[in-house]
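Student: Numbers 45 to 153, taken from my numbering, label the letters of the sequence shown in order. We put the CB at the ideal spot given by N, CA and C, even for glycine. Please read these numbers as outputs of a predicted model, since none were measured by experiment. Submitted below is the structure of interest, expressed as structure tokens.
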Amino acid sequence: MTQQQVKQCIEECLKCMQACNHCYDACLNEEHIGMMKECIRLDRECADICAYAAQAMSRNSPFAKEICRLCADICEACGNECKKHQHEHCQRCAEACFQCAEACQAMAA
Numbered sequence: 045m046t047q048q049q050v051k052q053c054i055e056e057c058l059k060c061m062q063a064c065n066h067c068y069d070a071c072l073n074e075e076h077i078g079m080m081k082e083c084i085r086l087d088r089e090c091a092d093i094c095a096y097a098a099q100a101m102s103r104n105s106p107f108a109k110e111i112c113r114l115c116a117d118i119c120e121a122c123g124n125e126c127k128k129h130q131h132e133h134c135q136r137c138a139e140a141c142f143q144c145a146e147a148c149q150a151m152a153a
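This is how it looks when you write it as structure tokens:
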């Protein structure tokens, strides 16, 4: 893995974290919040693992590959859930999740 690839993955993780945090906050304001429960839960999980993955990569953790593998799995799950909802914030979040999952899968390879 080149330093540029690591840097790009860190950037994707941070973008995804921000998108998930925004989606989480916006979902809390939706009219039918009960329907958003799984989206909200996965937004939190995803934002947390993305932040942790970025930290692990930036400090050259010996567990970075495993953390990135887990991050990719959680990003996929969050992206698939967000994709089900028509809200713009959910669609943007799904896109960020899938981009992050791709970058993290490359890091884990």
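(1) Name the residue from G123, Q149, P106 whose alpha carbon lies nearest to the alpha carbon of A140.
(2) On the three-state DSSP scale, how would you describe K109?
(3) Using C-beta distances below 8 Å, list every residue in its chain close to F107, excluding the 5 sequence neighbours before and after it, in chain order.
(4) Out of Q62, Q47, D87, C60, which has the shortest C-alpha to C-alpha gap to L72?
(5) Quick one: using the 10 Å Cβ neighbour count with 16 as the cut-off for buried, is H133 buried or exposed?
(6) Rounded to whole angstroms, what is the Cα-Cα separation between K59 and Q49?
(7) Helix, strand or coil for H133 per DSSP?
Tutor: The short version:
(1) Your numbering for residue 140 matches position 96 in the sequence shown. The shortest C-alpha separation from A140 is found at G123.
(2) The residue given as residue 109 occupies position 65 in the sequence shown. Residue state, collapsed to three classes: helix.
(3) Indexing the sequence shown from 1 puts residue 107 at position 63. Correct list, in chain order: A100.
(4) What you label residue 72 is simply residue 28 of the sequence shown in a count that begins at 1. Of Q62, Q47, D87, C60, the residue nearest in Cα terms is D87.
(5) Reading the sequence shown from its first residue, position 89 is the one you call residue 133. If you draw a 10 Å sphere on the C-beta of H133, you find 16 or more other C-beta atoms in it, and that means buried.
(6) By 1-based counting over the sequence shown, the position of residue 59 is 15. By 1-based counting over the sequence shown, the position of residue 49 is 5. If I take the Cα positions, the gap works out to 15 Å.
(7) Numbered from its first residue, the sequence shown carries residue 133 at position 89. Here DSSP, grouped into helix, strand and coil, assigns H133 to helix.
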